[in-house]
Each structure stands twice: as C-alpha cells, then as structure tokens.
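Heads up: the structure comes next, in structure tokens.
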Amino acid sequence: MPYIPHTPDEVQQMLAAIGVDSIDDLFDEIPQALRCASLTAIPAGQSEMLVQRLLSEKALLDGTPMCFAGGGAYEHHIPAALWEIATRGEFYSAYTPYQAEASQGTLQVIYEFQSMIASLTAMDISNASLYDGASGLAEAVLMAVRANRKAKSKRILMPENVSPVYRQVVETIVKNQGITLELINFDPASGTIDMSTLSAQSEPFAALVIPQPDYFGSIEEVHQLTDWAHEHGGLVIAQVNPIALALFEAPGNWGAEGADIAVGEGQPLGVPLSSGGPYIGFIACKQKLVRQMPGRIVGRTVDLDGKSGFTLTLQAREQHIRRSKATSNICTNQGLMATAVTLYLAFLGADGLQKVAAACVANTQKLIARLETVPGIEFPFGRHVFHEFVVSLDVDVNRVLESLAEQDIVGGINISGQFSLANNACENLLLICVTETKTEDELHFFTRTLNDVLCRLRGSQPDDHQEEEQLRRNNDD
Amino acid sequence: MTKRIVEQQSETLIFELSDKTRRSSSLAPDVDVSEVCKHLPEHLLRTQQLELPQVGELQVVRHYTRLSQKNFSIDSHFYPLGSCTMKYNPRVCNTLAQLPGLIGRHPMAHTSMSQGVMSCLFDLQSMLKAATGMKQVSLTPMAGAQGELAGVAMIRAYHDNNNDTLRSEIIVPDAAHGTNPATAVMCGYKVREIPTNEQGDIDLDALEKIIGPQTAGIMLTNPSTLGVFERKIKLIADMIHKAGGLLYYDGANLNAILGKVKPGDMGFDVIHMNLHKTFSTPHGGGGPGAGPVGVSERLQPFLPVPIVGHNEQAYYWITEQELPLSIGHLSAWMGNIGILLRAYIYALLLGREGMERVADYATLNANYLLKRLSDAGFEIAFPERRASHEFILTLRKEAKEYGTTAMDFAKRLLDYGYHAPTTYFPLLVPECFLIEPTETESRDTLDAFVEALSKIREEAEKSPDLLKNAPFELPVRRLDDVKAARELDLNYYKSY
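Those sequence lines, one after another, are chains A and B.
All residue numbers for the first sequence refer to my numbering, where the first residue is 53 and numbers rise by one.
All residue numbers for the second sequence refer to my numbering, where the first residue is 566 and numbers rise by one.
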C-alpha cells in the first residue's frame, strides 16, 4: 500500500486494542445515509515508474522553449546548489516554526531573509514573505489604509501601468472592504506615470502605488512621485523588481522621506518560472508601521542560557490570536521560497546581484538595437527601461505569438487593448523581456525569426532584412 | 566534552561570514557594471551601498546545510501536529514536478506549448471534484486561507447577485480555526460565534436563535477542530439553507473523510481543500500551500479564474470572459502550479483505493493512539466520542497536580525527539494537545510516542523542573518570547 507501513497483523492488533472489529467500524459516527460509495471516477493507483513515464511525456509535450516573456515572471539563472539545499527534507518537510527550539533552521533562514529584503529595499523591517507579488500588493494596500487613518480615505491611487493582473488581484482581495482604486493615467509618449493627471487629484487618498520599473519596463521618476504623495497626505507603496534594486534607488531612499511600504515579487531571486507559482511576495516597511504588517515575522531573542536564537514574534497581530480583529487572514508565508531567495542572495552577494541586473540591462539594450533594424517594429514608450520594453507591430500580435510558438519561442506578452488610452498606438502591443540568460546568438535568432514572421504575416519577402549590417551602421551613428 | 563545546556556540549568521572584497562567484554573468550604469538616468540609481553577504559557494552550502540540521521535519521526526496533517511527502512528487518542461514553463506561454501542464491541471480538477462531490473546482487559491477568502467572497457575490444585500453575518463555531473569523471580516461580514456543546457538537439551540434573514452563511470544519464528526450536519445544512444562507466547508480535516463522505453530500455549497495537508504537498517550513476551492452548481458562476477547460481540440483557459460573474483573480496567474502538480502526482500514485485508505489508516492510527494514551492514564477531552484523524488530550490534571503546563510537556517532548502536537488549540479545551498522527506512521512509532509521553509525566511528578526548563537537547534552550516582542530585532543590518 503506497506510503502506509502497517502489516496485516499490526492492523488486527490495533483494532483489538481499540475494541472494534474492522476499520470501517471507526466511521460509525458518520450517518449511514451520508457515506459515499467508492471513488469510481478516480483512476486506479499506478506505480512510481508508470507515473514517472506519464509525467515525462507531459513535460516533453510542453518542451523547453526560448523565453522572451516577463510581465512579472522572469527567467534567471538559478545556481545549481540552490534547490539541492532548499529541498533537503529538513527544510522541505518541516512546518511553520511553532516550536521555535525545534525550528531554528527555518527561523534563522527567515531572519536572514528579512534582513536581506530590508537591505535591498532600504526599509527597516521585512516580514517572512507573502504568497506572491500580486496578492502582496493587495496586502500592502490594506496595510496602507489601516496605517493612514489621518487621510480619512479608503482611496488608493493606482497607476494604469501597474500590471493589469496585479490590479485585478488587488480588486478581488480588497473590494469587500470599501476600498476604491483610482486609476492614474500614464503618459502615452513614455509609458510612465503622467504627473499632470496626478496633480489633478484633489480628493484625499490613503496611498499612491509607484511601480519601479513599471509594467512596460520603463523607469519611473520615483523621487518626484514620492514627494508629491507625501505632500498630499498619502503614503507611498513602492512596487519593485528586486533585481532592479541592485542598480536603481531603493524605496527607502525615494524622495525626501522614502516610500512607506515596499512590496514585490521575489520570484526573480532563485525561484523557477514554474507556470506562475509557487512564487513569493515580499513586503517591507518603515519601523513605525510594523504593527500593521500582515503575516509572519521572525525576531532574534535569547534562550534561558542567554544564547541567541530566533522565534516568531508580534503574533498578537495574527489570526490565530486576534481572530476577527487580525491584520489579515494569512497564516502561512512561502517558507520554502523564502529559503530559496535567501540562498540566491547569499550565493550571488551584492556584487553578483549587481552583475545580474547590469547584464539584464545590457542584453535588453542589445535586443532593442537589433529590433530597431526590423521594419514594422516601433517603440512607443522609448528605450529607457530595465529589462522589459514594449513594441508595437504592424500585424496582429496574437498571430505573431502563435507563429513564434511554432518555432519554439515564447515571444513575449500581448498587451494590446488592455489600457484605456484612446490612442491607436495602443493596438498591437507586445511586451518583450530579456534577462542575463540570453546569448548574442539567441538575440540574433529571435530578431531574425520575428522579422520572418512579420514578413510572412504581412505578405512581404523575408529576405530584405540586413540585421548585422544595419546594426553596425546604427552603432557607427 | 568536545561535543558540548560545538553545541553551545550560537550559529553564525550568513552576514558574519561576509567580506565586501570577496569576488569569487562563477554564478554571476561577466559584465562591467559601472559601464552599464553610465547609460542609466543617474538621479534614479542606487545611492546607498547594497549590503548583501559576500561569501564563498562552499561556505554558503555549509551554512545552510548546518541550519537545515537544526529543524525537526517529517523526514527526520514524528510530527503529530494536529490540524496540520504532517504526513510523508513522497520524494517522487518533488522530482517529477521539477522536470524541465514543467518547471521552466513561463505562465504566459502560448496554450499550444502548454497542453502537457494544462492536462495535468484539468485531471486534478476532475479528481478533486470526484473526491469532494462538488460540481466544479478552481485550483487558483494559493493557500487554505486564500481558499477561504475565495469561498466567502463567492458567498457574498452570490447574495449580491440576487440583490439579497441585507445578509451581513457569517456564523462561525467557537472552536473554528482563527482564519474563519478573520476571513469573514476581510469579506465585509460581521462574525457571529456559536458555542459547542459538551459532546463536541454544535449547540443547535444557540444556532437556531441566531439564524435569520441577516445570515449570509456558516463556516464549518467537519470533522471539527475537536477531532469529532459533526453528526447533525444534515440538519444544520437544512436550517441554514432554509434561512437563505450558504454553507462553507473548511477542508483542513479532509484527510479524515476522504472516500468515506463527501462535503457535497453533506450539503456544503463551497469548500476549500488544503493540498499541503490531504494531498501531501510539502509544508516547506510554512508554505507554499495550495487551497483549491470547489462549489455546488449555484456558485459555479462566481469561481475565481483562471480554470482549465477542455473542448474537442484542446485544453484552454476559462477566464472572466466566459465567467463574467467570477470573483476575479487571486494570483498573478493560476496559483501555485508547481504545488498543484505535486498533488496531482500524489493522486495518481494513490488512485481511488489509495485515497480511501488515507482516511482508513489516518483514523485507525488516531483511534489507536487515543486508546493507548487513555489506557496510560491521560485524560481525553471527548472520551465518549470516536476520534476522527485527530483527537484532543487535556493535561489540566497534570497542570494542577505538578504545576507543569501543556507547553512544558510540549518542550520536553522535543528532548525525546518528537515534534510537539498542536498546543492550546482549540481554545476551549484547557491545557490541550491536538494530536494527529496521520496514516503514514507505523504502529511502532505510535507506541514509542506513548512511552515517551508517559515517561514525561513521571518526570513531571518527580522533577517538574525537567519539564519547566525543557528543552535541554536542542540547539537552543527555551526562548524568551517576551523579549522578542518588546525589544524587536528583526533585521541584522539595523541591529548592530
């Protein structure tokens, strides 16, 4: 019997000890009318070997395409040692560290995680992690509303260039608490938050969300935005890419006072793409907001002998103590993913993380330069980006992505028609991402394949593209 | 005593192994950072030196391997943590979920390059429907608590859609998990608590009195957190439905009834399942979980998206276009797919007979352990009831006679190499242990646990300080929680 060690004799002895004749007798308190028949709709069990064969076939079916999609899920190199360590049984099969003395491994890892996230974001305090970046943003919104009582407002200023699906998740999670999301436009020329729409806001608000980089990959004027929000009585929620923070200013240092809450998706730090999950949300804040923080927090303390050790702390905020008055209903963090992130940052170090970030920037600019040589591709928001950028195409983006899929390429994300701009330039938009994982050959291959696909779809000849020559000429200019 | 010297050292923090001038990594790309930065807007670049540990690869591996050895885990210890279903996490589930085609797939990959993973998810949806008797399942919630949020949000969306907007209350038993009331509040509801009677069943008279036109629904766990099956569940369902309310099933204890009774048949309208419990996906030191929701027919239009659908040609994503009344998205994509795959693999290995055996042997182990502990003289909270997959033991007698609390017993158990059961939950039984052995433990382990607990009680009688000052054999002694909360030290870089 899979995973059940009992021998027939043991079962008989156990039943005799209990004083019943059969295992079925143990279910005698369930009303007979409710008992179900066998689970016939579920297939019979299979051996490990057969299941392995089945899963291998399914995995082969999906293959290992070349990936140029981002949009919140990013392909980065993951050190080989990382998951070897993270999936050690002692990490993998432990639970929430309720018994601190028997969980010092997990607890110290989380303390180190919190310290690393606080350092990356230049904030005072990080929690032990949240489910993912999207639900993390929702928790940040709830936290900001709780923290900013002075504003007497449940309005959140939400720029339209925050990921559309993040905005949807926030809506799902906060809408039953009377919180409203006020959409802030972006400047159609740069893709970045439009200062004039923001300045036109006259009603009080609890917080402004500032993405860095934004969904289009563009770099926002975070200092100006932060100062504006603070001058108008709102808190600032920084929604950030953790790898970008190796190069770009950390939220704690935005503007004169710094952002109040920093939140984001930790997946780029050592967590595989895995179809979108499990990922890990991180959230960090200023010291004064710590009691509004949702989720688990680990603190360092001492034991009876005065030796230092770690334990869950500030539990009076949480659902198992406060029940209906808790800061959130969350009980878990993403422990295993937090372990992976901690390992990633330890392996890479400050120096390594900066190199990863810089390689992302360099590769992205290389691909932009190549794509500038392809007829029919425009760059509506320019090229001041981190590792993602938007192109507009002269053919239907879905058909382009389908054709690229046939060539085993995930060509990006179709973001056409998702934004409110009454602007023809917002049709046929493709969001492309390039990380440190791409080689010059792959950038060339992608450019050539995309050009071929565009030519084929618009019915022109594909051989009129002189990429390398054009590239040289552009570089000489 | 060389061994003691090693044990008494505090574990070094990774930061203390760091040297800013160390450059050793073959893990980072070769690139000139300052050259790249020249082309970026200077006023938006990082001003403060980034502080992260600079440590050699072997030192990192050794540091975290050593830390891992300071954990209790299922792989290394009996872990009878009630309500958490700490059973064996088959290694093969982890191995196969990490196959390159599965682990490397971008969530926005075209459906034509995603038929493999989508077929797994579709089959998992079907198996969960079959196991629970629900009409449709959405896999997207990322944990039990998020499944609860989705469930109560659906109840609210259902009433709102019927213009039945005066329903403002959710009923929750006093023994419920803390997530239940917290979730109801997150969905904008007022919480009404109902008491439990001496047999561990819901007090039906009290329930009768608070049901009314303001009742949106009730949240129940069955078997309850008291480790007993709510026998009047059909009656409760009828009472709530008659008043126009809906029933929410907290699937925390699904392990106890798999293949025996289905939540759908008990009259529940919406359920969540903790795949990290019943379907044995790893707990990972506190997550990631997975908390799929299942619904009856009337709540189907409100399910969170996306869901995997299937037509003659292929698997496809059911989104809000097809489900316009959906409560929406709960995660950026479709929840914790890597975890869902592990649950799927586990379900394939078990099959229908295996799933039925889960409840059989989880219940056998719990009742056996209950009987052995009862025979050993420990007080069982609900002795006249049959245990489900878990049961409650109260140490109030020991607390009174020896001055040793349930927490003292818990800490001493650690010295004996057992993770402690859940302590002080549910809140209504004093000095309690909630004990859940799970089906994957052998009889020998259960017997040894009884012996250990009996020995500890002898210690409590003869030398109670052994308990009060425990643990002695672990990497640290008992920790000062009060200091931890008063003198917050949450961040290495701020603490020195």
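Each residue gets a CB set at the ideal place from its N, CA and C atoms; glycine is no exception.
Because the structure is a prediction, the values reported are computed rather than measured.
A:T425 counts as buried, since no fewer than 16 other beta carbons sit within 10 angstroms of its beta carbon.
Burial state of A:A96 is exposed, judged by a 10 Å Cβ sphere holding fewer than 16 other Cβ atoms. Rounded to the nearest whole angstrom, the C-alpha separation of A:K377 and A:R207 is 22 Å.
Excluding sequence positions up to five before and after B:K827, its CB lies within less than 6 Å of the CB of T697, G698, all in the same chain and listed in chain order. For the C-beta of A:T173, not a single chain B residue is nearer than 7 Å; the gap to the nearest is close to 11 Å. Taking a cut-off of 8 Å on C-beta distances, the region 589-604 of chain B does not touch the region 270-286 of chain A, as fewer than three cross pairs fall below it. Nearest CB-CB separation between B:L800 and chain A: not below the 8 Å threshold.
With a cut-off of 8 Å on Cβ pairs, the region 350-366 of chain A is not in contact with the region 425-445 of chain A, counting fewer than three such pairs. With a cutoff of 8 Å on beta-carbon distance, B:L605 and A:L502 are scored as not near each other. Distance from B:G832 to B:L812 at the Cβ level is roughly 6 Å; contact confirmed, criterion being Cβ atoms closer than 8 Å. Linking B:T846 to A:A203 through their CA atoms gives a straight-line distance of about 43 Å. Using a Cβ-Cβ distance cut-off of 8 Å, the region 955-964 of chain B and the region 122-131 of chain A are not in contact, since fewer than three pairs of beta carbons, one from each stretch, lie closer than that value. For A:L325, the C-beta contacts it makes with chain B under 8 Å involve I668, G669, R670, H671, P672, in order along the chain.
In terms of beta-carbon proximity, B:E918 lines the interface with chain A, with at least one pair separated by less than 8 Å. Contact holds between the region 338-356 of chain A and the region 181-197 of chain A, because three or more Cβ pairs, one in each stretch, are under 8 Å apart. At the C-beta level, B:N1056 and A:S167 come within 8 Å of one another. In the three-state reduction of the DSSP assignment, B:N820 falls in the helix class, which pools H, G and I.
Residues of the region 835-856 of chain B with a Cβ closer than 7 Å to any Cβ of chain A, in chain order: P847, H848, G849, G850, G851, G852, P853, G854.
By the 16-neighbour rule on beta-carbons within 10 angstroms, A:I373 is exposed. Inter-residue distance for A:L277 and B:N727 is about 43 Å (C-alpha atoms, whole angstroms). Bridge partners of B:T780 according to DSSP: B:E734. Annotated three-state conformation of B:G874 is strand, per DSSP. Beta-bridge partners assigned by DSSP to A:C337: A:I177, A:I313. For the region 951-977 of chain B, the residues whose beta carbon sits under 9 Å from a beta carbon of chain A are, in order, R951, A952, S953, A975, K976.
Among the CB atoms of chain A, one or more fall inside 8 Å of the CB of B:R1042. DSSP places B:G903 within a helical segment (H, G or I) once states are collapsed to three. Interface residue (Cβ-Cβ distance to chain A less than 8 Å): B:W898 is classified as such. A distance below 8 Å between beta-carbons, with the five flanking residues on each side excluded, links A:N480 to the following residues of its chain, in chain order: S444, L445, D446, V447, D448, V449, S468. Look at A:Q470 here: in three-state DSSP terms it is coil, with no helix or strand label. In the three-state scheme derived from DSSP, where H, G and I count as helix and E and B as strand, A:L182 is classed as strand. Spanning the alpha carbons of B:K797 and B:G968 requires a straight line of approximately 39 Å. Between the alpha carbons of B:I822 and A:V462 lies a gap of roughly 43 Å. B:Q701 carries a strand assignment under DSSP once its states are collapsed to helix, strand and coil. Taking the C-beta atoms as reference points, B:G916 is found nearer than 8 Å to A:I94. Within its own chain, the residues whose Cβ lies closer than 8 Å to the Cβ of A:Q98, once the five positions on either side in sequence are excluded, are L106, listed in chain order.
DSSP places A:M66 outside any beta strand (DSSP E); the residue lies instead in the alpha helix (DSSP H), whose first and last residues are 60-70.
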